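Quick notes on the structure that follows.
Number of protein chains: 2
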Amino acid sequence: MANLKQLAHSLGLSITTVSRALDGYSDVSAATRERVREAAEAAGYRPNASARRLRKQRAELVAVTLPSDPGHVGPPHFLDMLSGCAEHLAAAGLNLVIAPVPRGVSELEICQRFVDGRRVDAMLLVRTKRQDERVEYLQSRGIPFVTNGRTESLIPHPFIDGDGFAGFRAATLRFHAAGHRRIGHIAGPQEYYFAHVRRRGWQAAMEECGLATDLCAEGAPLEQGGYLAALELLRQPSRPTALVCATDEMAIGALRALREVDGGSQISIVGHDDLSMGAFTSPPLSTMRMTGENLGATFASLLLRAIAGEPAEDLQELHAIEFVDRDSHRRPPVAA
Amino acid sequence: MANLKQLAHSLGLSITTVSRALDGYSDVSAATRERVREAAEAAGYRPNASARRLRKQRAELVAVTLPSDPGHVGPPHFLDMLSGCAEHLAAAGLNLVIAPVPRGVSELEICQRFVDGRRVDAMLLVRTKRQDERVEYLQSRGIPFVTNGRTESLIPHPFIDGDGFAGFRAATLRFHAAGHRRIGHIAGPQEYYFAHVRRRGWQAAMEECGLATDLCAEGAPLEQGGYLAALELLRQPSRPTALVCATDEMAIGALRALREVDGGSQISIVGHDDLSMGAFTSPPLSTMRMTGENLGATFASLLLRAIAGEPAEDLQELHAIEFVDRDSHRRPPVAA
DNA sequence: CCCATCCTCCAAAACGTTTTGGGAGTCAAT
DNA sequence: ATTGACTCCCAAAACGTTTTGGAGGATGGG
């Protein structure tokens, strides 16, 4: 209800003084400042966001692109990340707005809509692809952004990512050290960077060990995709004795395939993401997770620093992957 | 880059005419309109959102409160709902913004921050409580809103909800008809309306059948909560032979408890939410789901109608619950 | 007593859009 | 020639804030 004009009038002060008092400028006396603050509090005054945004030429918003294709946005705990990110952005006066990407519309177009209408100060990109047109566009427009996951862009840009290559290589080598020789990989869609790099980690380990890399099947990054991919690998003349899965959801789908084929007790399996659900599957799912606390806060921090103009090179975080030891990776190395 | 003034200048027209041409008013000639449109297209012109919002006195934003407490926001597919809702709001020129609720801050305060700063035109409330202070506040301020889940508010307000009472009553009666007599309930936190009403559905069925309602344990609406609650019920001198769980996540936690205690083959179980994961658990999880297509679109539609001023009574959707028949509810009615 | 300095405060401009309330010109009917 | 209706266009106001560039008065040093 209350705007600055009314508040100023009721106090017998000018709009300027009230505004500056509330913003804590030193050119208004302590007494006046206090008086203004009390009146503002009493009136429940909050500055009109649109007006401030217009005047300050800042949208006070950060957009995150969300594909409406169910399941293609990220693991379930992605929502916690978003919420954490929004919380830390809010502490800096920024709000997180969802930029939905309807089926049939390119993510690029959505980016343009938000950027060209000056609706956002920065963007958060998730599920990056190896060649990501959003990255190129934002770079060309000079809009600050941070990606969740790297890209193959030649120009460096801010990102947070897990070292999927190292993580999947290590997991594969761990199986090899346990005596496994036929180690399969259940891969996600290869246009996504995360899926590609995880596959390459597995591949590198296999080649280092002098093993063939034919035991690889690709699927959608969901339970069903993992299930179908696992069935495909289990149909091979010589079955894998261990499976390295691109995501926990795929691994959980694969677990069902294993149960259907051999009762689930013969083949080792490991996923990635550390879903809480993984502790409750049968068997409990060994997995990997990106190290680092409070991912959302880190994204928020990088976004703020990007907006502040820090160079991209200083805003790249590659986190180590740690192994989460449950039970599903402990099957004997030789299948029945 | 381009604003209306520049565009108008380059066309030799007034700002007014350009603005009205782009908005399709009839008092600008078809020829001019076309000329303006082409120039706007070529210049990549998009109206400045903040300026329009200020002038039109509409924020063009809808906020959804998201607790940052992980897991307390809703089931995993909640994100799909949000995305769908955002998509349909966007088609009407509204964007969905996240109103994060940090630990230690009341949801009410967050609502006030958004409403009083005129940052939003409407709000979407999720995880409603039986007594929900947000509802009272928004009603008192006359801000349009829709809740995901009912409340016990005396004044009617727009909502979308599943008929949890009927659903859980029916599920319990189904177990009874199958011969079960010791039917337990794993309940969610009772301050949430959804958890309370589901429990009451189970309770009503038990009483109708003349059965005791002592086999009830409460936990957090997550796997761990369901796991602990199930262990509690399994410690009873006379175990339940069937479990009706408030959510699929709790049911999946309970499944693990069952496996630990009796191998998982003796006790029937049913959840609610129809998580995709449920098709891949061992055994596959029978569950319930709210009927209705595209929940997000429905929320968007209700929000738009609430903003348009339709009365709350016309904006209440109570959806039937349907049973999803997998396998976990088919255990014999008598425990070992 | 004068000048400089500081402390408070304020009028006005600006942000970019939409909307109000006409104004000029054309055309047809009077 | 005048009137009225109609078409096409525009100047100016308004939305509510922040910021610029002082103004006016008090204070203190010379």
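Protein chains in written order, with this note's numbering: chain F, 1 to 336; chain L, 1001 to 1336.
Cβ atoms here follow ideal geometry from the backbone N, Cα and C, with glycine treated the same way.
In this text the structure is predicted, and so the values were computed from the model without any measurement.
- By alpha-carbon distance to Gly-226 (chain F), the top candidate from F:Arg-46, F:Glu-208, F:Val-36, F:Ala-246 is F:Ala-246.
- From the beta-carbon of Val-97 (chain F), the residues of chain L found nearer than 9 Å are Leu-1061, Ala-1086, Asn-1095, Leu-1096, Val-1097, Ile-1098.
- At a Cβ-Cβ threshold of 9 Å, Met-123 (chain F) and Leu-295 (chain F) do not count as neighbours.
- Here the alpha carbons of Trp-202 (chain F) and Pro-1333 (chain L) stand approximately 47 Å from one another.
- Only residues of its own chain outside the window of five on either side were considered, and among them Ala-1205, Glu-1208, Cys-1209 have a CB closer than 8 Å to the CB of Leu-1173 (chain L), listed in chain order.
- When only Cα atoms are considered, Leu-66 (chain F) and Phe-78 (chain F) end up about 11 Å apart.
- Phe-1145 (chain L) has a beta carbon lying at 9 Å or more from every beta carbon in chain F.
- Listed in chain order, the non-local C-beta contacts of His-1088 (chain L) below 6 Å within the same chain comprise Ala-1297, Ala-1300, local neighbours out to five positions each way being set aside.
- The three-state reading of DSSP puts Arg-289 (chain F) in strand, counting E and B together.
- Across the structure, His-319 (chain F) and Gly-167 (chain F) are spaced so that their CA atoms are roughly 10 Å apart.
- About 17 Å separates the Cβ atoms of Glu-1223 (chain L) and Ser-286 (chain F), ruling out a contact at the 8 Å cut-off.
- Take Ala-1099 (chain L), set aside five residues on each side of it, and the residues of its chain with a beta-carbon closer than 6 Å to its own are Ala-1063, Thr-1065, Ile-1110, Phe-1114, in chain order.
- Annotation for Cys-1209 (chain L): no alpha helix (DSSP H) segment contains it, and DSSP assigns it neither H nor E.
- Close CB contacts of Ala-212 (chain F) within its chain, under the 8 Å cut and outside five residues either way in sequence, are with Met-206 (chain order).
- Within the region 15–91 of chain F, the complete beta strand (DSSP E) runs of at least 3 residues fall at 61–67.
- In the DSSP assignment, Met-1123 (chain L) falls within the unbroken beta strand (DSSP E) covering 1122–1125.
- As computed with DSSP, Lys-129 (chain F) is found in a beta bridge with F:Tyr-192.
- The straight-line gap separating the alpha-carbon atoms of Phe-1280 (chain L) and Arg-118 (chain F) is approximately 44 Å.
- Around the C-beta of Tyr-192 (chain F), 16 or more other C-beta atoms lie within 10 Å, and the residue is accordingly described as buried.
- For Ala-217 (chain F), the beta-bridge partners assigned by DSSP are F:Ile-186.
- Non-local C-beta neighbours of Arg-20 (chain F) in its own chain, meaning closer than 7 Å and more than five positions away in sequence, comprise Asp-27, Val-28, ordered along the chain.
- DSSP, read as helix, strand or coil, puts Asp-1116 (chain L) in helix.
- C-alpha of Gly-1219 (chain L) to C-alpha of Asn-1003 (chain L): approximately 56 Å in a straight line.
- The Cβ-Cβ distance between Ile-1269 (chain L) and Arg-1239 (chain L) does not fall below 9 Å.
- For the region 1036–1056 of chain L, residues whose beta-carbon sits nearer than 7 Å to a beta-carbon of chain F comprise Gly-1044, Arg-1046, Pro-1047, Asn-1048, Ala-1049, Ser-1050, Ala-1051, Arg-1053, Leu-1054.
- Against chain F, the beta carbon of Leu-1066 (chain L) has neighbours under 9 Å at Leu-79, Leu-82, Ser-83, Ala-86, Glu-87, listed in chain order.
- Ranked by Cα distance from Ala-1049 (chain L), the options F:Glu-60, F:Ile-143, F:Ser-140 are led by F:Glu-60.
- Assignment of alpha helix (DSSP H) within the region 222–271 of chain F, counting only whole runs of 4 or more residues, yields 223–234, 248–262 in chain order.
- Collapsing the DSSP output to three states places Ile-1143 (chain L) in coil.
- Against Val-1135 (chain L), chain F offers no close residue; the least beta-carbon distance is about 19 Å (beta-carbon pairs closer than 8 Å).
- Closer than 8 Å at the C-beta level to chain F, one finds these residues of the region 1271–1283 of chain L: Ser-1276, Met-1277, Ala-1279, Phe-1280, Thr-1281, Ser-1282.
- Arg-326 (chain F) has a beta carbon lying at 9 Å or more from every beta carbon in chain L.
- Under DSSP, Leu-96 (chain F) forms a beta bridge with F:Val-62, L:Ile-1098.
- Counted as a single uninterrupted DSSP element, the alpha helix (DSSP H) harbouring Leu-303 (chain F) occupies residues 295–307.
- Here the alpha carbon of Ala-230 (chain F) sits roughly 15 Å from the alpha carbon of Arg-199 (chain F).
- Interface criterion not met: the Cβ of Gln-6 (chain F) is under 9 Å from no Cβ in chain L.
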